[in-house]
């Protein structure tokens, strides 16, 4: 198996990270997405206050995402609430241990930006687990006991070590690429 060309730092309430994720699927050779390792980077880890959907910082980010999404024919659903995402990241790590991590990763992003679901709620995450074919009771227990919380926290340390302070960002041995970039720019970065 080919080692990852880069590390993608993202958060599930970051619309620009969602769009980068979609672009990454097309940044490799036809039919072969690039080898990228995904590492969670919470925008606001607890106990920091939640992101305010009316704050200028968020409005600017959301408008930029809407503009990019419209260029690609994607209709985004604006989240009414921007929850903490640690539990969503934990669910995806749990799903990865069961062999459905990539599907879970896409499902959580889609839940937020296509369906407007609140992925800060454990019941929503348990429903997603069920939709992915995971045992719902086991998923609830995993989330209740914070089985993967330290792994999510470690993502922030890894990002800092790579010189990354915010989502979305790609890091490789050749440097970092921060913010939204289309598939051509991503491909160029990954092929350096």
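In this note's numbering, the protein residues as written are 6 to 197. The beta-carbon is built from N, C-alpha and C at its ideal position, and this holds for glycine as well.
What does the Cβ neighbour count give for residue i, buried or exposed, with the cut at 16 atoms within 10 Å?
| i | result |
| --- | --- |
| residue 59 | exposed |
| residue 179 | exposed |
| residue 70 | buried |
| residue 113 | buried |
| residue 77 | exposed |
| residue 146 | exposed |
| residue 109 | buried |
| residue 166 | exposed |
Assuming residue i contacts residue j (C-beta within less than 8 Å), just tell me the rounded distance between them.
| i | j | result |
| --- | --- | --- |
| residue 191 | residue 28 | 6 Å |
| residue 139 | residue 88 | Contact doesn't hold; Cβ gap of about 21 Å is too wide. |
| residue 11 | residue 176 | 6 Å |
| residue 185 | residue 25 | 6 Å |
Would you give the residue range spanned by the alpha helix (DSSP H) that residue i belongs to?
| i | result |
| --- | --- |
| residue 153 | Unbroken run through residue 153: none, as it is neither H nor E. |
| residue 106 | 106-118 |
| residue 25 | 20-29 |
| residue 194 | 188-195 |
| residue 97 | 91-102 |
| residue 70 | 61-76 |
Within the continuous beta strand (DSSP E) that includes residue i, where are the two ends?
| i | result |
| --- | --- |
| residue 55 | Run containing residue 55: none; DSSP gives neither H nor E here. |
| residue 45 | 41-45 |
| residue 127 | Segment 127-136 is the alpha helix (DSSP H) holding residue 127; no beta strand (DSSP E) there. |
| residue 175 | 174-177 |
| residue 12 | 11-15 |
| residue 180 | 180-183 |
Just to check, is the beta-carbon of residue i closer than 7 Å to a non-hydrogen atom of the ligand COA?
| i | result |
| --- | --- |
| residue 50 | The ligand COA is absent from the structure shown, which contains no ligands of any kind. |
Given 8 Å, three or more beta-carbon pairs between the region 29-49 and the region 121-131: In this structure the region 29-49 does not touch the region 121-131; the number of beta carbon pairs closer than 8 Å is below three.
Does the region 9-19 come close enough to the region 166-180 to have 3 or more Cβ pairs within less than 8 Å? Yes, they touch.
Spell out a yes or no on whether the region 149-162 and the region 88-101 are touching, meaning 3 or more CB-CB pairs, one atom from each, closer than 8 Å. Contact holds: three or more Cβ-Cβ distances are below 8 Å.
Does the region 131-143 come into contact with the region 78-86, if we say contact requires no fewer than three beta-carbon pairs (one atom in each stretch) closer than 8 Å? Under the three-pair Cβ rule at 8 Å, the region 131-143 does not count as touching the region 78-86.
Could you tell me whether the region 156-166 touches the region 47-55, where touching means 3 or more Cβ pairs closer than 8 Å? Between the region 156-166 and the region 47-55 there are three or more C-beta pairs closer than 8 Å, enough to call the two in contact.
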